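Student:
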Amino acid sequence: MSDHEAERVHGYRFPQNQPARVPQRPTGTLAEIYAAIDADTPAARLNQDLDRIERSLAVLEQAVRDAMEAEQAAAARDQGQ
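According to the UniProt record's numbering, the sequence shown is numbered sequentially starting from 1.
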């Protein structure tokens with residue numbers, strides 16, 4: 001039955017090239033499937049956000065240390081002159 005005949009018989013135009021309504025089943029080993037599911041939980045996303053914040057704070061902390069050391073070195077030079 002062609003699309004035109006199906007539309008005439010059923011009174012409904014069937015959409016062309018529409019994505020499937022059912023998501024594709026995951027493939028891979030069970031460990032890979034469970035790891036993918038676990039990685040997409042709110043707790044996992046929160047942990048990723050916390051890791052990102054922790055890395056940013058470490059960079060900021062190092063920048064503050066460097067600035068303080070530079071300031072102390074400049075103060076020591078000024079006292080020495």
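Glycine residues also receive a C-beta, built at the ideal position from the N, C-alpha and C atoms.
Since this is a predicted model, take the numbers as computed values, not measurements.
1. Following the continuous alpha helix (DSSP H) through Asp40, name the residue where it begins and the one where it ends.
2. Helix, strand or coil, according to DSSP, for Gln24 in the structure here?
3. Is Gly80 helix, strand or coil when you go by DSSP?
4. For Asp51 versus Ala44, is the C-beta distance shorter than 8 Å?
5. Hey, how far is the Cα of Pro42 from the Cα of Asp49?
Tutor: Considering the structure as presented:
1. Asp40 -> no alpha helix (DSSP H), and no H or E assigned at all.
2. coil
3. helix
4. no
5. 10 Å
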